[in-house]
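Counted from 1, the sequence shown has number 6 at position 7 by numbering that gives the first Met the number 0; the numbering is strictly sequential. We treat Cβ as the ideally placed atom computed from N, Cα and C, and that holds for glycine.
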Amino acid sequence: MKKYIYIINGPNLNFIGKREIKIYGNKSFNCFYKKLKNKYKKNIKLKYFQTNSESKIINKLYKLNKKNIYGILLNAAAYSHTSLSILDCIKSIKIPVIEIHISNIYKREKIRNISLISKNCKGIIVGFGLLSYDIALYYFCNK
0 MKKYIYIING
10 PNLNFIGKRE
20 IKIYGNKSFN
30 CFYKKLKNKY
40 KKNIKLKYFQ
50 TNSESKIINK
60 LYKLNKKNIY
70 GILLNAAAYS
80 HTSLSILDCI
90 KSIKIPVIEI
100 HISNIYKREK
110 IRNISLISKN
120 CKGIIVGFGL
130 LSYDIALYYF
140 CNK
């Protein structure tokens, strides 16, 4: 039976490949996502959701908690540094969440050096570009 894994991307990540190329690279997330789906198609059923809204991230997490989801990869982007609501939501769901950051948040502006949501995540993967998602999927496939 395939494991269902959800990728949730937060604000401005719909512009990966178009914004701040030095930080995020020049590949679009949609192109990368298609490659991930193909790479892991034997082991997992991969789904993707992107929103610029904090409330939609929270609503999606609660909605997924009612389903048979094996794991969540969450790149809450800037909300990682500001959202107690997402922190509380992650704490209240039973699905393991891995926090993802494309850039190394510890090498960026001081305000980005802190992630409020990390405390309630299974783990965090930062600084490996889009490969960060691949690393998290590898973990879930081999868990």
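- With a 10 Å radius around the Cβ and a threshold of 16 neighbouring Cβ atoms, residue 141 comes out exposed.
- With a cut-off of 8 Å on Cβ pairs, the stretch 117-135 is in contact with the stretch 95-106, counting three or more such pairs.
- Separation of residue 4 and residue 43 (C-alpha to C-alpha, rounded to the nearest whole angstrom) is 7 Å.
- Fewer than three pairs of CB atoms, one per stretch, sit closer than 8 Å, so the stretch 59-71 makes no contact with the stretch 22-39.
- According to the DSSP secondary-structure assignment, residue 122 is paired through a beta bridge with 97.
- In the DSSP assignment, residue 31 falls within the unbroken alpha helix (DSSP H) covering 28-38.
- A direct Cα-to-Cα measurement between residue 83 and residue 111 gives close to 15 Å.
- Annotation for residue 48: the continuous beta strand (DSSP E) segment containing it runs 43-49.
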